[in-house]
Amino acid sequence: YSAAGATQCTDCPAGKGVVSGEGNQESDCKWKPCAGGKFLDQEKGCSNCEPGYYSSGGTAESCTKCEADKYSAAGATQCTDCPAGKGVVSGEGNQESDCKWKPCAGGKFLDQEKGCSNCEPGYYSSGGTAESCTKCEADKYSAAGAT
């Protein structure tokens, strides 16, 4: 940019720019669009999105929270799905290990390696996060997957 009658142009501050011939003063310099994974802070310029958030960049002034059951690292341009059967609260997933097994339906138990599995005949479960099924009492029976 340059003021009227100037003998040379002055560089805009780092991260800012102005269209050729349209800069008369420093306030004409505007923030340049940010790369993906960043948002535009009007005071500091482009900043990385926090973990659990993402941005396609440009002039977005904030990052978008990842949906439930998705995660992202800092500076992400998109969120990644948790593995099947696992989930995480919206905005709280920073890495795959933040994805936890979802509670099981009745008649199933939570196997930490495989997820929800049916109870064997003669056993039952109310589901949830129980890591095993309960053996039927004497004189009682159940089919596989019983609640």
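When the letters of the sequence shown are read in order and numbered with our numbering, they come out as residues 3 to 149.
Yeah, the Cβ is synthetic: ideal placement off N, Cα and C, and Gly gets one too.
In this text, all values refer to a predicted model and were calculated from it rather than measured experimentally.
Item	Value
Can you give the beta carbon distance from K40 to C48, rounded, assuming they're within the 8 Å contact cut?	4 Å
Going by beta-carbon coordinates alone, are G109 and C118 separated by less than 7 Å?	no
Could you give the DSSP three-state label for S144: helix, strand or coil?	coil
Take the Cβ of C11 as the centre, count every other Cβ of all protein chains shown within 10 Å, and call the residue buried at 16 or more, exposed below.	exposed
Our contact map puts D71 next to V90 with C-beta atoms below 8 Å; I'd like the distance itself, whole angstroms only.	6 Å
With a Cβ-Cβ cutoff of 7 Å, do Y55 and K67 count as a contact?	yes
Where do the N-terminal and C-terminal ends of the beta strand (DSSP E) with N120 fall, by residue?	117-120
When the distance is taken between beta carbons, is S92 closer than 7 Å to C81?	no
Got a sec? Which residues, its chain only, sit under 8 Å from S4 by beta carbon, not counting five neighbours each side?	Q10, C11, T12, G25, N26
Taking the DSSP output, what are the residues bridged to A78?	Y56
Below 8 Å on the Cβ atoms is my contact criterion, and I expect G124 with C138 to pass it. Report the Cβ-Cβ distance as a whole number of Å.	5 Å
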